[in-house]
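Chemist: My questions all concern the structure below.
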Amino acid sequence: MTNQNQPQDRRRHLRIPIATRIRYVQDGKEQILITEDISLGGLRLRSDHPPFANSILQLEISLPNTPDLLRLKGEVMWRQQGVGCGIRFMKVSAENKKILTQFIQSVDELEESS
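Residues 0 to 113 in numbering that gives the first Met the number 0 are what the sequence shown spells out, letter by letter.
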């Protein structure tokens, strides 16, 4: 039975559970939140008051052991008040895709070896 309050799981990419800082700008307002997980396709944010579904956000993501901030555009695919939201990355550059891929692979390899 599907819980109507939870988004349907339609993931195509491996998600890595990670709490890292993300800054986003929407309508000229800046917010800093923490991720719950990240993948090549998007991320999940933890927030009591998440941005609304279909919102387009300018994102800056700080990944551990990665010197540069990732600057991406994302669309809020779902939100749940008091819980958070899911964001799908839009038009990921080759450079950002490479950084994300290397980060996800390194974390996945660490988890497999432990």
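Idealized CB from N, CA, C, for every residue including glycine.
(1) What residues in its chain sit with their C-beta under 8 Å from that of Asn2, if we drop five residues either side in the sequence?
(2) Are Arg132 and Gly85 touching if we call contact CB-CB under 8 Å?
(3) Please state if the CB of Ile31 and the CB of Arg17 are separated by a distance shorter than 8 Å.
(4) Relative to the C-alpha of Arg20, which candidate in Arg78, Met76, Gly73 and Ser61 has its C-alpha closest?
(5) Assign Leu13 to one of three DSSP states: helix, strand, or coil.
(6) Between the segment 97–111 and the segment 56–72, do at least 3 Cβ pairs fall closer than 8 Å?
(7) Just the Cα atoms here: how many angstroms apart are Ser163 and Val24?
(8) So for Gln101, helix, strand or coil by DSSP?
Modeler: Taking the structure as given:
(1) Residue placement at Asn2 is flagged as unreliable, the pLDDT there being 37, under the threshold of 50; the coordinate-derived value follows with that caveat. Nothing meets the Cβ criterion.
(2) With the chain represented from 0 up to 113, any question about residue 132 goes unanswered, as that position is not in the structure.
(3) The displayed chain sequence assigns Ile, not Arg, to residue 17. Going by C-beta atoms, Ile17 is not nearer than 8 Å to Ile31.
(4) The residue with the shortest Cα to Cα distance from Arg20 is Ser61.
(5) Here Leu13 sits in coil by DSSP.
(6) yes
(7) What the structure shows of the chain is the stretch from 0 to 113, and residue 163 is not part of that stretch, so it cannot be assessed.
(8) helix
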